[in-house]
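*Asks:*
Number of protein chains: 2
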Amino acid sequence: MSDLKAYIRKRKKSDVEFREGFEEAYKAFKIGVLLKEAREASGLTQEKMAEKLHTRKSAISRIENHAEDIRLSTLEKFASALGRSLEISIR
Amino acid sequence: MSDLKAYIRKRKKSDVEFREGFEEAYKAFKIGVLLKEAREASGLTQEKMAEKLHTRKSAISRIENHAEDIRLSTLEKFASALGRSLEISIR
DNA sequence: AACGATGTTCACGTATACGTTAACATAGTT
DNA sequence: AACTATGTTAACGTATACGTGAACATCGTT
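As you go down the protein sequences, you meet chains A and B in turn. Here the first sequence stands for residues 1 to 91, where the numbers follow our numbering. Here the second sequence stands for residues 92 to 182, where the numbers follow our numbering.
1. Is it the case that the Cβ atoms of alanine 50(A) and isoleucine 60(A) are separated by a distance below 8 Å?
2. Please list the residues of the stretch 52-71 of chain A that have a C-beta atom closer than 9 Å to any C-beta atom in chain B, keeping them in chain order.
3. Quickly, what does DSSP pair serine 89(A) with across the bridge? List them, please.
4. Cα-Cα, which of Ala172(B), Arg162(B), Thr165(B) is closest to lysine 139(B)?
5. When DSSP labels each residue in this structure, what does arginine 130(B) get in the three-state scheme?
6. If you count every other CB in all the chains shown that lies within 10 Å of the CB of glycine 174(B), and 16 or more means buried, which is it?
7. Is the Cβ of glutamate 138(B) closer than 8 Å to any Cβ of chain A?
8. Would DSSP call arginine 162(B) helix, strand or coil?
9. Could you check what DSSP says for arginine 147(B) in three-state terms: helix, strand or coil?
10. Going by Cα to Cα distance, which pick from Ser58(A), Ile63(A), Ser73(A), Lys52(A) is closest to lysine 36(A)?
11. Less than 8 Å between the beta carbons of glutamine 137(B) and lysine 121(B), yes or no?
12. Take serine 42(A) and list the residues in its own chain whose beta-carbon comes closer than 6 Å to its own, dropping the five residues that flank it on each side.
13. In chain order, what residues of the same chain have a beta carbon less than 7 Å from the beta carbon of serine 161(B), not counting five sequence neighbours either side?
14. Assign arginine 130(B) to buried or exposed, taking buried as 16 or more other Cβ atoms, counted over all protein chains shown, within 10 Å of its Cβ.
This is the structure:
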């Protein structure tokens, strides 16, 4: 019986971890898509974008695919390179 | 608003550096103030905020005063600790 | 099939954000 | 004045984002 409780506890814990991990990954996904859409809306390839930011296309790919862990300054540069501006608020 | 005056007074140590770095510094200032106001709106001191984020008050101070170069994940944690959410858009 | 354009992933070195401690500043209180 | 609460700054070690080059995967085109 205590085995069952332990199992349930463990199961719930893993569910929480899964959900938290999922939400974090989803946020990264959202921001990455935001950046990708902004770039494509300007008709730029990752390579052209890389030139504007004085870096390489691999870096652009990484930014768009791991956007949760980029710096705000990087996000700012990305937007500026597209002639656009960031809007950040806390709701 | 006296915060802004103190900030500018501080930045005026060198007018040249002040002008050159103003835009970037001002963005950091804006985000820092955003975070600080969000924290104070929840009635938290930097020390209480530090407890929620499992870190120290000095880290909170640094976040609020050098906010341009923090990671998105850090910004996310800050908002989550206040039970709030980030809104990021590119305009 | 071969090719070019575009995007992804990996590995490695460098730059820098973050965690922590300590010292210091500045209010307000006793 | 001494004390308390709050916030700032500097220094140091660690974690990780970033710059870079190379290899690879998918496309559509010839």
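Just so it is clear, CB atoms sit at the ideal spot from N, CA and C, and this is done for glycine as well.
*Replies:* A quick look at the data gives this:
1. Locating residue 50(A) in the first sequence gives position 50, where the first residue counts as 1. Locating residue 60(A) in the first sequence gives position 60, where the first residue counts as 1. Taking 8 Å as the Cβ cut-off, alanine 50(A) and isoleucine 60(A) qualify as a contacting pair.
2. Within the stretch 52-71 of chain A, the qualifying residues are Ala67, Glu68, Asp69, Ile70, Arg71.
3. The residue given as residue 89(A) occupies position 89 in the first sequence. Serine 89(A) is bridged by DSSP to Glu178(B).
4. Taking the second sequence and counting its residues from 1, the one referred to as residue 139(B) is at position 48. Closest by alpha carbon: Ala172(B).
5. For the purposes of this step, residue 130(B) is taken as the residue at position 39 of the second sequence. Collapsing the DSSP output to three states places arginine 130(B) in a helix.
6. Taking the first residue of the second sequence as 1, we reach residue 174(B) at position 83. Counting the other CB atoms within 10 Å of its CB gives glycine 174(B) a total below 16, which places it among the exposed residues.
7. Within the second sequence, residue 138(B) is the residue found at index 47, counting from 1. No, glutamate 138(B) does not count as interfacial toward chain A.
8. Looking up residue 162(B) in the second sequence gives position 71. DSSP places arginine 162(B) in strand when its eight states are reduced to three.
9. In the second sequence, counting from the first residue as 1, residue 147(B) sits at position 56. Residue state, collapsed to three classes: coil.
10. Here residue 36(A) corresponds to residue number 36 of the first sequence, with the count starting at 1. The option with the nearest alpha carbon to lysine 36(A) is Ile63(A).
11. Translated into positions along the second sequence, residue 137(B) becomes position 46. Translated into positions along the second sequence, residue 121(B) becomes position 30. Not closer than 8 Å, so no.
12. Here residue 42(A) corresponds to residue number 42 of the first sequence, with the count starting at 1. Hits under 6 Å: Leu82.
13. The residue labelled residue 161(B) in the question sits at position 70 within the second sequence. Just to set this straight, residue 161(B) is isoleucine in the shown sequence, not serine. Excluding positions up to five away in sequence, the list reads Ile154.
14. For the purposes of this step, residue 130(B) is taken as residue 39 along the second sequence, with counting starting at 1. Burial of arginine 130(B) is indicated by the presence of at least 16 other C-beta atoms within 10 angstroms of its C-beta.
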